[in-house]
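177 is the number that UniProt numbering gives to position 177 of the sequence shown; each next residue is one higher, with no gaps. Each residue gets a CB set at the ideal place from its N, CA and C atoms; glycine is no exception. Remember, it's a predicted structure, so these values are computed and weren't measured experimentally.
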Amino acid sequence: MLFKKYSLNNVKLRNKLLLLYIFCVFLPILLTNIIFYNVTANNIKAQKMDDIELVVDQITNEFNNAVDQAIGISSGFYTNTRIYDFFETEYETAIDYIEAYDFYLREYSRFSPLYYSIQSISFYTDNPSFIYAGGIRPLTEHTKEEKWYRLLTEANHPIIIRTNPATDSGLFSVIRELDYHKNKYNHKKIVRIDLNPLTIKQIFNNAAFTGEVYLLNGERNIEFSSNEEVNWRTEQLHFDALEFPEDTIFTKERMLSQNYLEGWRVAGTISENEILEELYKSREFIVILASINLLFPTLLIVLISKSIHSRLLRVLKHMKRMKKQKFDIINFPGDKDEIGELTNEFNKMSQTINRLINEVYASNIEKKDLQLREKQAQLSALQSQINPHFLFNALETIRMRSMIKGEKETAKIIQNMAKIFRNSLTWGKDWVTVRDELCLIICFLEIQKYRFGDKMEYELDIDEEAYDYIIPNMVFLPFVENASIHGIESVKEKGIIQIRVEKNDGEIVYEISDNGAGMDEEKLASLIETLKNEENMGENVGIKNVYYRLKLHYKNHFDFSINSRPGQGTTVQIKLPAEKNNISK
């Protein structure tokens with residue numbers, strides 16, 4: 001009975017799976033990792049110290065190589081008799097010096113790009129005939145007071161020195177006096193080779209070394225360090241006087257191989273915690289791995305359920321937005337399962353519906369709106385006409401009677417009026433040539449000149465090339481009417497209307513100006529605002545009529561501007577695309 005009570009057959013399947021998972025998967029993996037951790041812990045620590053020593057060796061060798069390159073270049077200068085000849089020659093003219101410089105010294109500029117560790121090469125000399133430029137510097141009394149010059153005179157070999165710490169904390173220079181032929185030459189010559197500070201910084205900030213590196217001179221003062229917390233740049237710090245944390249491990253100090261670097265060495269320090277960091281990571285990895293083995297099945301089920309549910313809700317959300325005519329595209333990473341295919345097909349459907357609405361529905365609305373505006377413009381113009389057929393016939397009768405009576409001037413004016421009314425009878429003629437439009441404008445101006453007499457004059461400046469281009473019917477005439485009635489009529493002085501038409505860079509430029517009453521800024525701004533907002537005709541019917549018809553025919557491919565000042569007149573300029581062939585509008 002007891003056996004039957006504790007039989008596995010009485011354990012729920014969920015618990016069976018849990019027991020199977022714990023004893024067959026979790027515990028074996030956990031024990032294996034613990035044993036592995038304890039066995040390899042000491043090996044990792046020893047290997048880490050070996051790696052650190054190798055990195056310090058690498059830093060030492062790289063710095064040695066950088067110094068060796070500079071020493072090697074200085075040795076080449078030291079034994080080069082051509083360099084000695086160049087520096088000893090007294091040059092009579094600047095041209096002689098420049099030619100000699102190009103012949104002897106220009107070639108050595110190649111060392112900077114050739115050797116990555118070399119930043120620049122410069123020379124010091126007391127030769128007074130030299131031009132101090134291009135790497136040539138004077139050997140002045142001030143120069144002789146500098147530290148490097150004093151050290152150079154005390155030594156019988158090249159010196160390596162870090163320059164002014166306040167300005168170039170990482171700039172090391174190899175300085176050598178060119179005195180190989182000391183008894184033969186008179187002028188003093190010194191070559192200075194500056195090491196690239198970026199190269200020095202890269203050497204000592206080795207990414208493979210997580211501790212701090214110190215470059216020590218023969219007196220164990222710090223010349224360079226990767227430790228930014230130590231103020232070695234502006235202060236002379238002794239390495240042994242520094243205070244280090246208790247867990248600091250010191251590497252073996254490496255002596256630099258150059259004979260000129262007397263006692264210089266490289267030292268490294270690293271925290272014990274940084275060495276053991278890999279061990280800590282290994283221990284954390286075992287815990288993380290065991291947790292993953294336990295939680296992964298549960299997380300996998302949750303993630304799959306969440307993936308299906310969230311993506312279906314996203315598709316449903318966008319489908320509801322379609323009812324409000326919001327055809328947004330679903331952003332997804334291109335899933336290849338069934339839900340991904342459903343999302344992709346939904347996006348295609350949404351794009352198709354949106355395109356059809358824009359191309360058909362919106363296009364029809366825009367077309368009907370433009371047609372309505374055209375009809376409104378025509379209606380507004382027709383409202384200003386009083387039976388033009390009747391008036392045209394009456395004017396023809398009056399003109400004939402005036403001719404019979406010998407009143408030729410009156411007959412000419414009536415003929416001009418008849419031409420204007422005849423044009424109003426052909427409203428359906430949308431396009432005319434510039435020549436026809438100007439003919440109509442001249443008729444109108446002649447009538448106004450007859451009306452005002454000597455008070456009004458007009459001037460025409462027409463480009464012959466512009467006559468045969470086509471423009472919308474009666475697009476210029478309303479501005480002539482405004483200039484004569486609203487501009488000239490309201491002033492006492494003599495009024496002048498100037499009209500200019502020209503073809504310029506694929507455009508027909510029409511400009512009319514008068515010296516009439518003009519408009520103040522507020523009125524002009526109000527007029528321009530009504531044009532932009534496309535308000536009802538109201539006032540300024542002629543201008544609005546022209547502006548709306550220009551938008552109807554040219555969309556936004558035209559330019560329209562008005563400039564006016566009270567008492568100084570008004571200038572209107574219209575720029576239209578130059579066209580010669582009738583096109584369906």
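>> For residue 272 and residue 341, I'd like the C-alpha separation in whole angstroms.
In response: 55 Å
> For residue 457, which of 120, 496, 472 has the nearest alpha-carbon?
Replying inline: 496
> At which residue ranges does the stretch 432–486 contain complete beta strand (DSSP E) runs of 3 or more residues, listed in the order of the chain?
Replying inline: 456–462, 470–472
>> What does DSSP give as the partner residue(s) for residue 625 in the beta ladder?
In response: The question about residue 625 has no answer here: the residues shown for the chain are numbered 1 through 585.
>> Along the chain, where does the beta strand (DSSP E) containing residue 197 start, and where does it finish?
In response: Counting along the chain, residue 197 falls outside any beta strand (DSSP E), though it belongs to the alpha helix (DSSP H) covering 197–204.
> Quick one, which of 132, 23, 67, 148 has its alpha-carbon nearest residue 116's?
Replying inline: 67
> Could you give the uninterrupted runs of the beta strand (DSSP E) lying entirely in the stretch 483–571, keeping only those of 3 residues or more?
Replying inline: 495–504, 507–514, 559–565
> What is the residue span of the beta strand (DSSP E) that residue 119 lies within?
Replying inline: 118–125
> When we look at the beta-carbon of residue 145 and count the other beta-carbons within 10 Å, is it buried (16 or more) or exposed?
Replying inline: exposed
> Which two residues bound the contiguous alpha helix (DSSP H) that contains residue 150?
Replying inline: 147–154
>> Can you tell me whether residue 285 is buried or exposed? The criterion is at least 16 other CB atoms within 10 Å of its CB, across all chains shown.
In response: exposed
>> Buried or exposed for residue 564, going by 16 or more other Cβ atoms inside 10 Å?
In response: buried
> Excluding the five sequence neighbours on either side, which residues of its own chain have a C-beta within less than 6 Å of the C-beta of residue 449, listed in chain order?
Replying inline: 456
> Using DSSP with H/G/I as helix, E/B as strand and the rest coil, what is residue 136?
Replying inline: strand
>> Using only the alpha-carbon positions, how far apart do residue 505 and residue 93 sit?
In response: 59 Å
> By Cβ distance, which residues of its chain are closer than 8 Å to residue 53, with the 5 residues on each side in sequence left out?
Replying inline: 251, 252
> Which parts of the stretch 71–102 are runs of the alpha helix (DSSP H), unbroken and 4 residues or longer, counting only runs that do not cross its ends?
Replying inline: 81–88
> Taking buried to mean at least 16 other C-beta atoms within 10 Å of its own C-beta, is residue 585 buried or exposed?
Replying inline: Its pLDDT being 40, under 50, residue 585 is placed unreliably in this model, and the value from its coordinates should be taken loosely. Flag for residue 585 reads exposed.
>> With a threshold of 7 Å on Cβ separation, who are the neighbours of residue 248 within its own chain once the five nearest residues in sequence on each side are excluded?
In response: 269, 271
> Between residue 433 and residue 511, which are expected to be in contact by the criterion C-beta below 8 Å, what is the C-beta distance as a whole number of angstroms?
Replying inline: Not quite, the Cβ-Cβ distance comes to about 18 Å (not below 8 Å), so this is no contact.
> For residue 480, which residues of its own chain have a beta-carbon under 8 Å away from its beta-carbon, when the five flanking residues on both sides are left out?
Replying inline: 441, 444, 445, 497, 499, 512
> If you run the structure through DSSP and keep just helix, strand and coil, what is residue 269?
Replying inline: strand
>> Between residue 210 and residue 274, how many whole angstroms is the CB-CB distance? I'm expecting something under 8 Å.
In response: 5 Å
> Helix, strand or coil: which one does DSSP assign to residue 574?
Replying inline: strand
> When DSSP labels each residue in this structure, what does residue 310 get in the three-state scheme?
Replying inline: helix
>> Quick check: the Cα distance between residue 32 and residue 39, rounded to an integer number of angstroms?
In response: 11 Å
> Does the separation of the CB atoms of residue 84 and residue 181 fall below 7 Å?
Replying inline: yes
> Quick one: Cα of residue 223 to Cα of residue 216, how far?
Replying inline: 6 Å
> From which residue to which residue does the alpha helix (DSSP H) around residue 356 run?
Replying inline: 338–356
> Under three-state DSSP, which class holds residue 214?
Replying inline: strand
> Roughly how far, in whole angstroms, is the beta-carbon of residue 136 from the beta-carbon of residue 123, given that I think they are within contact range, below 8 Å?
Replying inline: 5 Å
>> Rounded to whole angstroms, what is the Cα-Cα separation between residue 178 and residue 99?
In response: 22 Å
> Exposed or buried, what is residue 212 when buried is set at 16 or more other beta-carbons lying within 10 Å of its beta-carbon?
Replying inline: buried
> Rounded to a whole number of angstroms, what is the C-alpha to C-alpha distance between residue 75 and residue 157?
Replying inline: 11 Å
> Between residue 262 and residue 227, what straight-line distance do the alpha-carbon atoms span, to the nearest angstrom?
Replying inline: 23 Å
> How is the alpha helix (DSSP H) around residue 143 delimited, first residue to last?
Replying inline: 141–144
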